[in-house]
Amino acid sequence: MKKKTILSQKNKAKDLSLKKKTQNNLAETVRLQTDELKIREGQLRQGADREKLGADREKLAEEQIHIRTKAMESTADGIFIIDAKKSDFPIIYANSSFFSLTGYSRSEVIGKSYFLLYGFNANLRIVEEIKQTLRLGKSFHGEMLRFKKNGEKYWCLLRIAPVRNVKGVITHYVGIKTDTTLMKQRDAEIQEQREELLHVTRVGKLAEFVSSLAHEISQPLTAILSYAQAGQRLLKDREPQLKEILQYIINDDQRAAEVIRRLRSLLKKNKPTFETLDINALTNDTATLIMPHITAKNKVIKLELGENLPMIQGDRIQLQQVLLNLISNSLEAMEDEKDSSDLLIRTSLKNADTIMVEVKDSGCGIPEENKPKLFSHFFTSKPDGLGMGLSISRSIVEAHGGHLEAENNPDRGATFYFTIPVHGNINQ
Amino acid sequence: MSTNAAIIYVVDDDVSICRALGLLLKSNGFRVETFTNAQGFLSFKHPKLQSCLILDIRLPNINGFALQALMAQHGIITPIIFITGYGDIPMSVKAMQAGAIDFLPKPFTEKKILHAITLALSKSKVLNKEQTEVLKIKQRMNTLSPRELEVFHFVAQGMMNKNIASKRGTSLQTIKVHRGRVMQKMQAKTATELIDFAKKVGLTSSQV
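The listed protein sequences correspond, in order, to chains A and B.
Residue numbering for the first sequence is 1067 to 1494, as defined by the numbering used here.
Residue numbering for the second sequence is 11 to 218, as defined by the numbering used here.
Following this line, the structure appears as structure tokens:
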């Protein structure tokens, strides 16, 4: 009402002045007044909008708080907030995962000092370290062994960070704790598998080495034995002393042969233990084993696992050994190629009875002159290589009734691939 | 043992082993031919004598087992004694299954190799005799007319004269005449002997 009064007064004044100037300018006056009215009306409407906006904002904020609370409640991590203004660091909020993780109930946690939850079993040094960090207004990050209310142990990854108000004063601490027990267990399992594989590889290499050495030595021993026995035969009844010497040569030749035979039986390769295997699971496991190595070298491993592949009969550790050997060869081939990072492992069905596993790299490829000797014993292109890896891999694959081959890719790098018959080696 | 009529082949990529085995076997009165690769052995003109082959399993290009398969294709029939520096049980089983006389891990004594050679040569004698017989039967078969050869095939399958006649669409008498000539040309005294000849040249098995 007030606004209207002001408006009418103003209009009256305008009217008077206009009358003084000219009577004919009435149309112009009406136009001006209409414009002014429009502006006024606009201003009024804006005011109303602003009020509406305020209400909307409030609603939005409420929604966001609701979403955030829900998110905090649904995460598996334990989240808690500590009041920083009180010297005993009481917990003022904790989500439900916090309660299930620690085993303490809401009433045992809220309002109680955070450090009370550590109990008597806790490592006091760590507790003191956390306290110290918080007092200094710094963030804490660490993994430690913790105990639930019932005494059950668990591994906990803990992160605590200060929360500051607009003036920069620390008002709260927010903490996140994650149960890493399963992760730790899995890491330990992977480590164990890796060590087992390494051991088998080492023993395998030694056995192969001895076997090759035995072969190399048995050749001249065979010749020496035959020479000496031919000599005895030719002498017939002459030169008894010379014949005796030849007999000593024969005896010692056989002694050397016996040493080799014993050494070989000692390092006899373990007979493969065949079981039913899923080649995709085996490939996945092997990739997991070597993953840290791959990441460290800044390379990427891609798996293309064929669907619905039949199970195979094979020795898990031996086949992992083959895959691991092919992967590490590929990594070495890509070592000096800065722009190459891709390593592809593909499993597929070659035909109804054969599974094929390919390891494709984008490395330096196989030089033409190395191709014929690639799978031979003692052949290596590496400065510190023994030349055993590929020859062992080939004998493993062949013991499974399959084949191991290598080819250069049309663009770059090489592909090593092996086949494994679905129904196992018929000779087994 | 009658060693004059026998020849021993040695195939080993180690020159020293070839020489040493050659000396040893020659000192025992054998004729010896040595080769350091499979190709050399295959292209050698093999005399019709009692023989055996001392064969290393690991050879460049064509290994011992592959050579064994190639020998059959080349019509070289001689018993094999495998020798190897890698001897393991599965490999020896494979060699023996493939018809080897023996499988000797290196190094082997004179006694062992001579024993294996004796066995191999007596096997060779039997094989040569069989081969000569097969050759004779084949020569006789070449004298048969196409008609007679056809009747021989039917008889080899154990068919009666009347069945052959009805199958050929000729009279029983004609078949009897053909059969009589087949028996005469093949020098078979009885039908059983004729069927036995057919078996030896592999006629019956291929016709079933």
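Glycine residues also receive a C-beta, built at the ideal position from the N, C-alpha and C atoms.
Here the structure is a predicted model, which means the values were calculated and not measured.
Sequence-distant residues of its chain with Cβ nearer than 8 Å to Asp1419/A (five each side left out): Pro1487, Val1488 and His1489
So, with DSSP's three-state summary, where would you put Val1229/A? strand
Check whether Gln1386/A and Leu1329/A have beta carbons under 8 Å apart: no
Span separating the alpha-carbon of Tyr1293/A from that of Phe1441/A: 33 Å
Where does Gln217/B fall in DSSP's three states? With a pLDDT of 40 at Gln217/B, under the threshold of 50, the predicted position of this residue should be treated as unreliable, though the coordinate-derived value follows. The answer is helix: DSSP assigns Gln217/B an H, G or I state.
Among Ala1254/A, His1281/A, Phe1155/A and Leu1248/A, whose alpha-carbon lies nearest the alpha-carbon of Leu1223/A? Leu1248/A
Suppose the cutoff is 8 Å on Cβ atoms and the five residues either side in sequence are ignored; what does the same chain contact list for Glu1209/A look like? Trp1221, Cys1222, Leu1223, Leu1224 and Thr1246
Got a sec, what are the start and stop residues for the alpha helix (DSSP H) Val187/B sits in? Leu182 to Lys195
Identify the contact partners of Pro117/B in chain E, using a Cβ-Cβ distance below 7 Å as the criterion. Among the protein chains of the structure shown, namely A and B, there is no chain E.
Does any residue of chain A bring its CB to less than 8 Å from the CB of Glu2/B? No answer is possible for residue 2/B: the residues shown for chain B start at 11 and end at 218.
Would Val25/B and Leu63/B be called neighbours here (beta carbons separated by less than 8 Å)? no
Quick one: which residues of the segment 36-57 of chain B get their C-beta closer than 7 Å to a C-beta of chain A? List them in chain order. Ser37 and Asn38
Please report the Cβ distance between Lys1214/A and Thr1168/A, rounded to the nearest whole angstrom; I am assuming they are in contact, meaning their Cβ atoms lie under 8 Å. 6 Å
Who does Cys1222/A pair with in a DSSP beta bridge? Met1210/A and Asp1245/A
Comparing the C-beta of Gln1295/A with each C-beta of chain B, is any distance below 8 Å? yes
Using 8 Å as the threshold, is the C-beta distance between Gln60/B and Ala15/B below it? yes
For His1022/A, the three-state DSSP class (helix, strand or coil): One cannot answer for residue 1022/A here, as it falls past the ends of chain A, which runs 1067 to 1494.
Three-way DSSP call (helix, strand, coil) for Gln60/B in this model: strand
Is there contact here, the segment 1469-1484 of chain A with the segment 1252-1264 of chain A, by at least three beta-carbon pairs under 8 Å? no
Among Lys172/B, Glu140/B, Ser155/B and Leu34/B, whose alpha-carbon lies nearest the alpha-carbon of Lys210/B? Glu140/B
Taking a cut of 9 Å between CB atoms, which residues from the segment 1266-1277 of chain A lie near chain B? Ser1277
For a contact meaning CB atoms closer than 7 Å, what does His1281/A contact in chain B? Gly95 and Tyr96
Closer than 8 Å to chain B by CB, Leu1456/A: no
Shorter than 8 Å from the beta carbon of Ser102/B to some beta carbon of chain A? no
Which ranges does the alpha helix (DSSP H) cover as unbroken runs of at least 4 residues, wholly within the segment 1102-1153 of chain A, from first to last along the chain? none
Which of the three DSSP states, helix, strand or coil, is assigned to Gly95/B? coil
Give me, in chain order, the residues of the same chain whose beta-carbon lies closer than 7 Å to that of Lys122/B; leave out the 5 immediate sequence neighbours on both sides. Leu114
Thr128/B classed as buried or exposed, judged by whether at least 16 other C-beta atoms fall within 10 angstroms: exposed
Are at least three pairs of beta-carbons, each pair with one atom in the segment 1176-1185 of chain A and one in the segment 1142-1156 of chain A, less than 8 Å apart? yes
Count the C-beta pairs between the segment 1456-1476 of chain A and the segment 1377-1396 of chain A that are closer than 8 Å, then say yes if the count reaches three, no if not. yes
Flag Leu1312/A as yes if its beta-carbon sits less than 8 Å from any beta-carbon of chain B, otherwise no. no
Ile1290/A versus Asp1318/A, His1281/A and Leu1308/A, residue with shortest Cα-Cα distance: Asp1318/A
Which residues, in chain order, does the segment 22-33 of chain B contribute to contact with chain A at a C-beta distance below 8 Å? Asp24, Ser26, Ile27, Arg29, Ala30, Leu31 and Leu33
Looking at the secondary structure, which residues open and close the alpha helix (DSSP H) in which Arg1382/A lies? Arg1382 to Met1400
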